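Beneath this line is the structure, given in structure tokens, with notes to follow.
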Amino acid sequence: MIIATAGHVDHGKTKLLHALTGINADRLPEEQQRGLTIDLGYAFMPYHSTKSNHQQRLGFIDVPGHEKFLSNMLAGVGTAHHAMLIVAGDEGMMPQSYEHLTILRLLAMDSLTVVITKSDLTSLEQQLQLEATLHQLLLQYGFTQSTIFHCSAHTNDGIDELKQHLIDLADNEQQYDNTLNFKLAIDRAFHVKGSGLVVTGTALNGHINVGDNLCLVSHNQLKKGHSQPQIVRIKSIHAQGQATESATANQRVALNISGDIDKANLNRGDWLLQIAPKQIIKRITVKLTANHLIKHWQNSQIFHAATHTTGHIALLEDKQLAPNDSAVAEITFDTPLCLTEQDRLLLRDPAQKINLGSAVVIDLLPPNRGKRAPQRLEYLNQRAALHSLPDIIAFKLQHAPQSQQQLLEQHQCQISVLNQLVTADSSIKQYGDYLCFDSYQQALQQHIIATLEQYHQQAQDTLGIGKDRLYRMTALNQPQVIFNAIINQLLNQQLLANTRGWLHLAAHQLQLTPSELQCWHQIEQLMATHPQPWWIRDLASEMDENEDSLRKLSYKLAQLSYVAAIVKDRYVSHQYLVQMATAVRQHTTQHQKLETAEFRDISQLGRKVAIQLLEYFDKIGFTKRKFNYRELKDQDLLQE
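With our numbering as the guide, the letters of the sequence shown map in order to residues 866 to 1505.
Laid out in structure tokens, this is it:
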């Protein structure tokens, strides 16, 4: 277990830790010369655990008490779940005491132990009076389970009682969640002669062994737009100040790492993770709790674990948020952060130097539009009320399909969490990397059928629609692997049919009468003999048929996909379209794009009719026009 200290400068935090552990946590020469903690210090207290009947070590993070070093203090308490607030008995609560107590409340510490130091310099009456004041103050700050001790690092008075309390606290600490992956916030990096590069930090989640590989996520690289992590290997581990083969959550860890990495590229706040996120996070949605009045688009410092950045707070439900109220909001970062859902952030006003509030991350990939739509706000408030990882993932699935890889990245959890969900609920289906509920699949099926019904009513001269275009009409921005699976299901259920590459409702079928079939054979022969687009009037003249009768037949032939109208009254055979599409595919495979002049040479058509045919290809989604050229869009369309 890790316990962070807090309290006003010169109230005895470092000396108290020395009395508990025998270690001077002031490691820097300047700190020892000035008697002032500047940066983070660490100390460890061995003890015998009655719960496990083994020797254990309790870790402490000693943080600066001076307001000038508040960012260092926040880096220390930002990775801890337990804290000790140190108050000098001869001075009582001072400005930084209140500041630190507010920070501990906003960070929602699992436990708070209050220690009144320098008891040898105060009378019993003064101690009891300060204790009563502190009890009342702690209740006002929402700490109902806090314990207060009186100690003297000079005489060791009360040290044994405090030690036993901390040991009991550690023995009753909840076991780490073994469904989460390893996650370490780096706060120091240095070279050890003969060993190489060592990084230290607090392990927030998971378990790691010597020989394992981890992903190094550098904030400097994120700032440059590089999301590709560097892979490092764990050569050796120190946990809680001792050499070991493994480390777990809630331990101080030093990792001797190897890889293509330079100490100069490492900074406090970088991360070692088992799964590195692929997206660069610059905007998130949070559940925000205000400590002071927060206004829409307020400038803020955002502290997360051992790092911080600046950004703006966009309130989604109102123009301002009163103290002690909560609401959903978006935070836009000036520089990216590496975050996990349910991470807690501390927000400060950089100008007024006050703690604005705290926030819990509930969405790492918010939409660009509709962020204040009523259904979106309802979704966010329901999501913010959930804390259990399986409940959160199940809730997400109820609203949209979810990528398994993205879920693992956003929650830094193991695949077993998802496997257990799928096993426990038969209504959750897996399609490639995606999970979705039956209800989503059924709704998408109905939407596809309804879209085709409407299309058949509006485009009566065509048989159906290409698969790629149907996807854009019915499931744009949805996982294509699920759409493809549903199309196959509808085809197998004979609700849809695929005729020469055109998807249509199975009931949308036509048959030619014997006389129409005879006329079609004549048209087919003409189009095969002279492969080119034909006007209805020219066909009627060539066949000596009535133009209006032939026009009606052509509509029917188009519905059967025997012919296609590239413009009104100008038709080509399906076989001709396939030949031209094959030529376009071959050309774009070699040259990546198709110029109009190039197609005119390929087709041996005049410029006007060549453009008509190209625009028809654009309309059906086979090609896509960009500036003065075309690119292939749906290469599966118009195949033999």
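Glycine included, C-beta positions come from ideal geometry on N, C-alpha and C. Treat the numbers as computed from the prediction; the structure is a model and nothing was measured.
Excluding sequence positions up to five before and after ASP1228, its CB lies within less than 6 Å of the CB of THR1150, all in the same chain and listed in chain order. The DSSP-derived three-state label of ASN1156 is coil.
For the set ASN1074, GLN1345 and TYR907, the Cα lying nearest the Cα of GLN1139 is the one of ASN1074.
For CYS1384, the uninterrupted alpha helix (DSSP H) run begins and ends at 1379–1394, by DSSP. Fully contained in the segment 1282–1341 are the following alpha helix (DSSP H) runs of length 4 or more, in chain order: 1303–1323 and 1332–1339. A distance below 8 Å separates the beta carbons of ILE1347 and CYS1301.
Of the residues ASP1052, GLY1235 and GLN1263, the one whose Cα lies closest to the Cα of ARG1248 is GLN1263.
Between LYS1160 and GLN1185, the CB-CB gap stays under 8 Å. Pairing GLN1345 with SER936, the inter-Cα distance amounts to about 46 Å. Cβ contact annotation for ARG1495 (same chain, cutoff 6 Å, sequence separation greater than five): LEU1459 and THR1488, in chain order. LYS1458 carries a coil assignment under DSSP once its states are collapsed to helix, strand and coil. Collapsing the DSSP output to three states places SER1468 in a helix. Bridge pairing for GLY1023: absent [DSSP].
By the Cβ-count criterion, GLY1366 is buried, with 16 or more other Cβ atoms from all chains shown falling within 10 Å of its own Cβ.
The Cβ atoms of TYR1299 and GLN1275 do not sit closer than 8 Å to each other. Around the C-beta of HIS965, 16 or more other C-beta atoms lie within 10 Å, and the residue is accordingly described as buried. Secondary structure of GLU1412 (DSSP, three-state): helix. In the DSSP assignment, VAL1346 falls within the alpha helix (DSSP H) that extends over 1345–1357. Here DSSP, grouped into helix, strand and coil, assigns ASN1130 to helix. Within its own chain, the residues whose Cβ lies closer than 7 Å to the Cβ of MET974, once the five positions on either side in sequence are excluded, are HIS946, HIS947 and ALA948, listed in chain order. In the three-state DSSP reduction, SER1111 falls in the strand class (E or B).
ILE1146 is positioned such that its CB atom lies no closer than 8 Å to that of LEU1212.
In the displayed model, HIS1103 falls within a strand according to three-state DSSP.
By the criterion of a C-beta distance shorter than 7 Å, GLN1500 is surrounded in its chain by ARG1450, once the five residues flanking it on both sides are discounted.
The bridge partners DSSP lists for CYS1278 are LEU1045.
Checking the DSSP bridge columns, you'll see LYS1491 partnered with TYR1494. Taking a C-beta distance under 8 Å as the contact criterion, THR1461 and LEU1442 do not qualify as a contact pair.
Excluding residues up to 5 positions away in sequence, LEU1328 and LEU1375 lie with their Cβ nearer than 6 Å to the Cβ of GLN1424 in the same chain. Only residues of its own chain outside the window of five on either side were considered, and among them VAL1225 and VAL1226 have a CB closer than 7 Å to the CB of GLN1207, listed in chain order. Around the Cβ of ARG1472, a 10 Å sphere holds fewer than 16 other Cβ atoms; the residue is exposed. The beta carbons of SER984 and SER1017 sit closer together than 8 Å. Our two residues, ASP955 and HIS1084, have alpha carbons roughly 43 Å apart in a direct line.
Annotation: ALA1170 to LEU1210 spans about 8 Å, alpha carbon to alpha carbon. C-alpha of VAL942 to C-alpha of SER1304: approximately 44 Å in a straight line. Contact annotation: THR1067 and VAL1282 have beta-carbon atoms that are not nearer than 8 Å.
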